[in-house]
Amino acid sequence: MKSFTTTAFGIATLVSDVMGHGYIVSPPPRQPGEAMVAACGKQVTTTFQSDINGNIQGVLQVANSQQDYDAAKCNIWTCKGMQFDDNKANVQTWTAGEKVPMTVKIAAPHTGTANVSIIDTATSSTIGEPLVAWSVYASTARGSQANETSFDVTIPSDLGSKCSTAGACALQWWWDSREADQTYEGCIDFTVGGSGSGSGSNAPAPTPASSQPAATKPASSTAVSATAVATPVNNAQTSTSAVPTAAPSSTGTPSQGSAMLPEHLASLLNALEEYLFN
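Rendered as structure tokens:
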């Protein structure tokens, strides 16, 4: 009989191999820190510190068993629960109409939809339409494409003063794969000011404009482009629902099991099963 230690190590290795799949590289995105510990708990924060690319459903399997996880304070479906107070030094300053280059890392593709939107952090809702969207993103069959990992977004000209205070708005990259039942997010804090320099700011967080909680809903609009090409979208300043058409589950269980794993991971899983049961 195989030892418990050997079995646990094999399973832990497999889980570690398949967990991380994507996050923003630039501009500087939110990172976990002490404010996240206070809101989401130590284990959730540590998980993202060790694997910033991880999906929300997988982390929720850990979070829901932790006594220090506060769903309302963590608001994990917005920016993966990463808090503004940990990221004040990385606030970007842009101007209306400015074109902002973005780079995203996709460590392992899973076919899904994606978009980049401006979100109201007080209500966890999107402001206007996505700035760029993909109806097919990070296809398992063809792999990620260049325009899915390097692209530009244009800051809307009709935001007015809504995003003038640091912490009020964030630029959120959102990728949802229904074939894997996994959702990935990343946020960039910014203000719309006069310089467009992209410089950091230490402005304090704003007083929330709304008390509407959204701790269990992803802050994203459904991707609207007709092809896999990144499609800029005209923006209106109205806030819209943050719930995608196919709402992610909170279980983190892949919808089609190991059949959807990359070939080398499927082989690893098969080898582990043979080792355990033969």
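The sequence shown begins at 0 in numbering that gives the first Met the number 0 and counts up one residue at a time. Heads up, the beta-carbon is just placed ideally off N, CA and C, and yes, glycines get one too.
- The beta carbons of Val-36 and Val-58 sit no closer together than 9 Å.
- Trp-76 and Asn-114 have their alpha carbons spaced roughly 15 Å apart.
- Note on geometry: alpha-carbon atoms of Glu-33 and Asp-85 lie some 7 Å from one another.
- Within 10 angstroms of the beta-carbon of Ser-25 lie fewer than 16 other beta-carbons, which makes it exposed.
- Here Asn-63 is exposed. Its C-beta has fewer than 16 other C-beta atoms within 10 Å.
- Ala-38 sits in a helix when the DSSP states are folded into three classes.
- Taking 8 Å as the upper bound for CB-CB distance, Gly-127 and Ile-118 are not in contact here, some 10 Å apart.
- Here Gly-185 is bridged, per DSSP, to Trp-172.
- A buried status is given to Asn-74, since no fewer than 16 other beta-carbon atoms sit within 10 Å of its beta-carbon.
- According to the DSSP assignment, Thr-139 belongs to no alpha helix (DSSP H), since it is labelled neither H nor E.
- In terms of CA proximity to Gln-56, Gly-80 leads the group Gly-80, Gln-66, Lys-72, Phe-150.
- Between the alpha carbons of Arg-29 and Cys-186 lies a gap of roughly 6 Å.
- Annotation for Val-90: no alpha helix (DSSP H) segment contains it, and DSSP assigns it neither H nor E.
- Gln-91 counts as buried, since at least 16 other C-beta atoms from the protein chains shown sit within 10 angstroms of its C-beta.
- A straight-line Cα-Cα distance of about 7 Å links Phe-150 and Thr-102.
- The Cβ-Cβ distance between Val-135 and Thr-110 falls below 9 Å.
- For Asp-175, the closest of Thr-45, Thr-148, Glu-184 by C-alpha to C-alpha distance is Glu-184.
- In the structure shown, the three-state DSSP call for Gly-32 is coil.
- Secondary structure at Lys-161: coil, using DSSP grouped into helix, strand and coil.
- Looking only at Ala-121, Ser-138, Lys-98, the smallest Cα-Cα distance to Val-191 is reached by Lys-98.
- In the structure shown, Thr-120 falls within a coil segment according to DSSP collapsed to helix, strand and coil.
- A straight line joining the alpha-carbon of Tyr-22 with that of Ser-143 spans about 13 Å.
- Under a 10 Å Cβ-count criterion, Thr-94 is classified as exposed, with fewer than 16 other Cβ atoms of the shown protein chains found around its own Cβ.
- Rounded to whole angstroms, Trp-172 and Thr-164 show a C-alpha spacing of 20 Å.
- For the 9 Å CB-CB criterion, Gly-96 and Thr-46 do not form a contact.
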